[in-house]
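J.:
Residue numbers (this note's numbering), protein chains in the order written: chain U, 2 to 59; chain F, 12 to 455.
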């Protein structure tokens, strides 16, 4: 790997994205196209957490 | 640019081992607490053992947690919430995927996954494919019958995830698949070792196509141990002119280990996603040192709908003594999955692993790929018969082959065999998992 990775900074942006996605999900309870798509986005964000956020916390 | 990156996750795959252990412990606490809090099955098991989530502070604490066996899962399924029963940790409406085990050892186990779990499956496979050299420029052919078995489903999703182009070879027959690989110049493929060899045989003998003339340059195997058996791997690599890589996974577990491009004689455990413990089959003691075989107890650290916590997989494995030259800090298991605790059987009082017979047959010049082993009784005495095929044009070498085969079998398995020689192409062929070992003795 050539560039230094700042895990804390990456995690901070991931958490910000997660917060936005969770807010959108709450707003989409009567809006299937929003609710289901944002649920999938949250599953992808979880993969970012597994790859980056979890290790940033140890 | 990313194609030049050696690791799918340059942070996790090179993390110092003490940090991996710390990560595993933290993640284990979470999944244990999740299973205890949401699954009646798991809570019942742990309550009976007197273990609560707050009790887990170390790996020693983890070792005190009861293991889960496949038979226990069979016992709770096909009940409410139907069909998964009490191990389900999410409402049914959050389940997006159904798969089931193949039922090789009994009634199939049903497996629920949420979409997040399914993303996780694909993510685990992305580690595998990237380590085996798959990149966005690859065109990947997947010749498997997309169905209720997990097989290469997640490989398909992972190939898409890493940016490769996927050609699903679903219901096509073998010849149509070979023609499609040829037409599209596919560069990679995923299949069981049995089918990899079967496709090569069909291409050569029925279509006049040398598989080496096709563009396939890497093959990922699953479902059988063949890609970690040196003689079988060699046959596949020579037949296709391609690198053949192994990986191991299971419906109830996930894709937990993989061979990398270094082909160092072992498979990396994805230790960021799985906690693998090796247990002595006699004493139950945890084996930490390399070179000592035991059965695998495994935890999928991030799987939620139907958790896999300290699952007794019956797979026999051992840690490798040396790290892999590829630089990954994920530990290697030497020689892959070398057997199954319930596969190893006693014949004439000798412990026999069927993979040892495969290694001998596939390493024998003049024999075809297929073989069959039958264990039965002659009076009160065990009898073991090995059926093999001589390649066309090599029939004159039968005496030499027979003598070498007997010697090698005696050396590798410590047993004498009745040998039967058959014409090439006459033993049964299999498309997916082969059933070459048949124990016809009465079970007591």
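The C-beta atom is built at its ideal place from N, Cα and C for all residues, glycine as well.
In chain order, what are the residue ranges of uninterrupted alpha helix (DSSP H) at least 4 long that sit wholly in the stretch 328 to 396 of chain F?
T.: 365 to 373
J.: Among the candidates F:95, F:272, F:117, whose CA atom is the shortest distance from the CA of residue 108 (chain F)?
T.: F:95
J.: Rank F:165, F:184, F:219, F:230 by C-alpha distance to the C-alpha of residue 150 (chain F) and give the top, closest one.
T.: F:230
J.: Can you list, in chain order, the residues of its chain with a C-beta nearer than 8 angstroms to that of residue 421 (chain F)? Leave out the 5 residues immediately preceding and following it.
T.: 427
J.: Smallest Cα separation from residue 247 (chain F): which of F:203, F:386, F:407?
T.: F:203
J.: Less than 8 angstroms between CB atoms is the rule here; does residue 310 (chain F) satisfy it with respect to chain U?
T.: no
J.: By the criterion of Cβ-Cβ separation under 8 angstroms, what are the contact partners of residue 12 (chain U) in chain F?
T.: Correct list: empty, because the minimum Cβ distance to chain F is about 11 angstroms.
J.: Counting only runs of 4+ residues fully inside the stretch 108 to 144 of chain F, write out the alpha helix (DSSP H) ranges in chain order.
T.: 126 to 142
J.: Express the C-alpha separation of residue 324 (chain F) and residue 245 (chain F) in angstroms, rounding to a whole number.
T.: 28 angstroms
J.: Among F:77, F:51, F:52, which has the Cα closest to the Cα of residue 62 (chain F)?
T.: Closest by alpha carbon: F:77.
J.: Can you list the residues of chain U that residue 30 (chain F) reaches, using a CB-CB cut of under 7 angstroms?
T.: 59
J.: Give the interface partners of residue 54 (chain U) over in chain F, defined as CB-CB distance under 7 angstroms, in chain order.
T.: Taking a Cβ-Cβ cut-off of 7 angstroms, residue 54 (chain U) has no neighbours in chain F, whose nearest Cβ is about 11 angstroms from it.
J.: Excluding sequence positions up to five away, which residues of its chain have a Cβ less than 8 angstroms from the Cβ of residue 361 (chain F)?
T.: Contacts found: 424, 425, 426.
J.: Would you please verify whether the beta carbon of residue 124 (chain F) is less than 8 angstroms from any beta carbon of chain U?
T.: no
J.: Using only CA atoms, which one of F:208, F:126, F:283 lies nearest to residue 249 (chain F)?
T.: F:208
J.: Strictly by DSSP, which residues pair up with residue 11 (chain U)?
T.: For residue 11 (chain U), which the question treats as bridged, DSSP gives no partner whatsoever.
J.: Smallest Cα separation from residue 397 (chain F): which of F:215, F:413, F:404?
T.: F:413
J.: For residue 9 (chain F), name the three-state secondary structure that DSSP assigns.
T.: Given that chain F is displayed from residue 12 to residue 455, the structure contains no residue 9 (chain F) and the question cannot be resolved.
J.: If residue 399 (chain F) and residue 448 (chain F) are in contact, beta carbons under 8 angstroms, what's the gap, nearest whole angstrom?
T.: At roughly 14 angstroms, the Cβ-Cβ gap does not stay under 8 angstroms, so residue 399 (chain F) and residue 448 (chain F) are not in contact.
J.: Go through the stretch 289 to 315 of chain F residue by residue and report every complete run of the beta strand (DSSP E) that reaches 3 residues or more, in order.
T.: 305 to 311
J.: Determine, using beta carbons only, whether residue 42 (chain U) comes closer than 8 angstroms to chain F.
T.: no
J.: Helix, strand or coil for residue 429 (chain F) per DSSP?
T.: In the structure shown, residue 429 (chain F) falls within a strand segment according to DSSP collapsed to helix, strand and coil.
J.: Our contact map puts residue 286 (chain F) next to residue 310 (chain F) with C-beta atoms below 8 angstroms; I'd like the distance itself, whole angstroms only.
T.: 4 angstroms
J.: Helix, strand or coil for residue 43 (chain F) per DSSP?
T.: Reduced to three states, the DSSP call for residue 43 (chain F) is helix.
J.: On the DSSP letters alone, give me the boundaries of the alpha helix (DSSP H) that residue 278 (chain F) sits inside.
T.: Looking at the DSSP string, residue 278 (chain F) is not in any alpha helix (DSSP H); the run it does join, the beta strand (DSSP E), is 277 to 280.
J.: At a Cβ threshold of 8 angstroms, is residue 38 (chain F) touching chain U?
T.: yes
J.: Could you list the residues in the stretch 24 to 48 of chain U with a C-beta less than 8 angstroms from some C-beta on chain F, going in chain order?
T.: Cβ proximity to chain F below 8 angstroms picks out 40, 41, 43, 44, 45, 47, 48 from the stretch 24 to 48 of chain U.
J.: Mind checking residue 318 (chain F): buried by the 16 CB within 10 Å criterion, or exposed?
T.: buried
J.: Would you call the CB atoms of residue 199 (chain F) and residue 227 (chain F) closer than 8 angstroms?
T.: yes
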